[in-house]
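Trainee: Sending over a structure as structure tokens; questions will come in a sec.
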Amino acid sequence: MSYKSFTTSYSRFFEPALKDRYIPLSKIEPLLFSLKKNASLEKIGTSVGGLAIYKIKIGNGKKKVLMWSQMHGNESTTTKSVFDLINFLDDENEVSKKIISECEIHIIPILNPDGALAYTRINKNEIDLNRDAQNLSQPESKILKKFREEIAPDFCFNLHGQRTIFNVGDMNKPATVSFLSPAEDENRTITTTRKKSMELIAVMNKLLQKHIPGQVGRYDDSFNINCVGDTFQSLGVPTILFEAGHFPGDYERDVTRKFIFYALVSALEYISVNKVNGNDFESYFDIPENGKLFYDIILRNVPVLIDEKVVLQDVGVLYKEKLKNDAIIFEPNIENIGSLHYLYAHKEYLDCDKYFTPLPKSELSNNWLIQNLRILQ
Ligand SMILES: [Zn+2]
8 MSYKSFTTSY SRFFEPALKD RYIPLSKIEP LLFSLKKNAS LEKIGTSVGG
58 LAIYKIKIGN GKKKVLMWSQ MHGNESTTTK SVFDLINFLD DENEVSKKII
108 SECEIHIIPI LNPDGALAYT RINKNEIDLN RDAQNLSQPE SKILKKFREE
158 IAPDFCFNLH GQRTIFNVGD MNKPATVSFL SPAEDENRTI TTTRKKSMEL
208 IAVMNKLLQK HIPGQVGRYD DSFNINCVGD TFQSLGVPTI LFEAGHFPGD
258 YERDVTRKFI FYALVSALEY ISVNKVNGND FESYFDIPEN GKLFYDIILR
308 NVPVLIDEKV VLQDVGVLYK EKLKNDAIIF EPNIENIGSL HYLYAHKEYL
358 DCDKYFTPLP KSELSNNWLI QNLRILQ
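For the record, in the sequence shown the residue sitting at position 130 is 137 according to this note's numbering, with numbers rising by one throughout.
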């Protein structure tokens, strides 16, 4: 297998046991307990709610990489990608053999199993673990710190998922994947550590642009030492924030997971072949920053009665994700009514005045919305 052909043969590595948005620990445990010869499993601690936190180790090389997913329990896409990656590394091909011989990869697939079970961002004590890097008030935070110290990684991958609201620059393109090389200080100094993260992000972006042109964004780098990435980077460990986002029509995020897989393999391949010194960091800044210009749905030109006159307005809708019967349902929720001409939507309904009866704004409820979406669909 030549370099890059891991993209064309991806379907071989797609882990079919993990699909859709709801990925609690019970779904990954059968995979953990049947890991192949290259990987070893260790239980490294217990969550507030008493669930196991596991770490997988693959490879015996000198370059150490630590990655963790589902620190935010409802951000499951990168966990699916991680298991695709494990399948890839188990496959004997040129790229995977090189990665395994050069790298020692440590993966915590679900750092916040209580949040994963409840499908929430926060942990069982309602703490956002990505704001607990300094306080270390939660067992999950302490476990991550302990293993960062024990492993002494050369690189950390902080794996997250982002909402559908994010676009790239000011364009009508969703941020399907976003990255950040977090700041280490208030001045956002471009240190060597940051440059190394930037160099890897630039490598991943170059590959992703071939598959999802214009759909890669960069987060703004305002400094917050309570975030894990900012803390680790300030300790001299090049750390990358990955954000799995929206791909058109893919609310289950089983397309986006592929692009995160591409990113992970390309970064590991680069690390295994090159000495990452931060010299090639500049194209990181070619990646546009993210905006927040998307709604899930916009109904255009809805007739609204204002002072007994009909005014055409736009209705911006976002889905609320709810856990029901072990699956995630997407409930439409009105976020804004007004002139939303400067905003984009993943689904737009134009000229709603042709179909709707004018009503006062106060009657445009979520029930009204659900009924009318049925009419439009
Ligand atoms: Zn997150």
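In this text, a Cβ means the ideal position worked out from N, Cα and C, and glycines have one as well.
Below 7 Å, is the gap between the Cβ of His79 and the nearest heavy atom of ligand 1?
Mentor: yes
Trainee: Please state whether DSSP places Glu22 in a helix, a strand or coil.
Mentor: coil
Trainee: If you count every other CB in all the chains shown that lies within 10 Å of the CB of Tyr61, and 16 or more means buried, which is it?
Mentor: Tyr61 is buried by the Cβ-count criterion.
Trainee: Taking the C-alpha atoms as reference points, what is the distance between Met8 and Val210?
Mentor: Model confidence at Met8 stands at a pLDDT of 44, short of 50, so the residue's coordinates are unreliable and nothing is read from them.
Trainee: Note down, in chain order, each residue of its chain lying with its Cβ closer than 8 Å to the Cβ of Val72, except the 5 sequence neighbours on either side.
Mentor: Cys110, Glu111, Ile112, His113, Pro160, Asp161, Phe162, Cys163, Phe164, Leu275 and Ile278
Trainee: Based on Cα-Cα distance, which residue from Gly323, Tyr302, Lys299 and Glu296 lies nearest to Asn308?
Mentor: Gly323
Trainee: Alpha carbon to alpha carbon, how far is Phe21 from Leu371?
Mentor: 43 Å
Trainee: Helix, strand or coil: how does DSSP classify Met387 here?
Mentor: Past the edges of the chain, shown from 8 to 384, lies residue 387, and the structure says nothing about it.
Trainee: Answer with buried or exposed for Gly224, where buried requires no fewer than 16 other C-beta atoms within 10 angstroms of its C-beta.
Mentor: Under this definition Gly224 is a buried residue.
Trainee: Would you mind giving the Cβ-Cβ distance between Phe173 and Lys299, rounded to the nearest angstrom? I have them listed as a contact below 8 Å.
Mentor: That pair is a contact at about 6 Å.
Trainee: Sort Pro31, Thr15, Lys361 and Leu38 by Cα distance to Pro23 and report the nearest one.
Mentor: Leu38
Trainee: How many whole angstroms separate the CB atoms of Tyr226 and Asn297, which I take to be in contact at a CB cut-off of 8 Å?
Mentor: Indeed, because the Cβ distance is near 6 Å, the residues count as touching under 8 Å.
Trainee: How big is the Cα-Cα spacing for Ser76 and Ala352?
Mentor: 28 Å
Trainee: Just verifying my parser: in three-state terms, what is the DSSP assignment at Thr127?
Mentor: Here DSSP, grouped into helix, strand and coil, assigns Thr127 to coil.
Trainee: If you count every other CB in all the chains shown that lies within 10 Å of the CB of Glu157, and 16 or more means buried, which is it?
Mentor: exposed
Trainee: Expressed to the nearest angstrom, what Euclidean distance is found between the alpha-carbon atoms of Ile63 and Glu338?
Mentor: 36 Å
Trainee: Roughly how many angstroms separate the alpha carbons of Thr53 and Asp121, rounded to a whole number?
Mentor: 10 Å
Trainee: Can you give me the Cβ contacts of Lys26 inside the same chain, cut-off strictly under 8 Å, excluding the 5 residues immediately before and after it?
Mentor: Lys87, Glu259 and Asp261
Trainee: Tell me the start and end of each unbroken alpha helix (DSSP H) in the segment 272-324 that is at least 4 residues and wholly inside, in chain order.
Mentor: none
Trainee: Nearer than 7 Å: is that true of the beta carbon of Gly168 relative to any heavy atom of ligand 1?
Mentor: Short note on Gly168: C-beta closer than 7 Å to some heavy atom of ligand 1.
Trainee: What's the call for Asn379, buried or exposed, on a 16-neighbour Cβ count within 10 Å?
Mentor: The Cβ neighbour count for Asn379, taken over all protein chains shown within 10 Å, is at least 16; the residue is labelled buried.
Trainee: Distance, Cα to Cα, Gln320 vs Thr238?
Mentor: Per the coordinates, the alpha-carbon of Gln320 lies some 45 Å from the alpha-carbon of Thr238.
Trainee: In whole angstroms, give me the CA-to-CA distance for Met205 and Arg28.
Mentor: 29 Å
Trainee: Decide if Leu383 is buried, meaning its Cβ has at least 16 other Cβ atoms within 10 Å, or exposed.
Mentor: Classification for Leu383: exposed.
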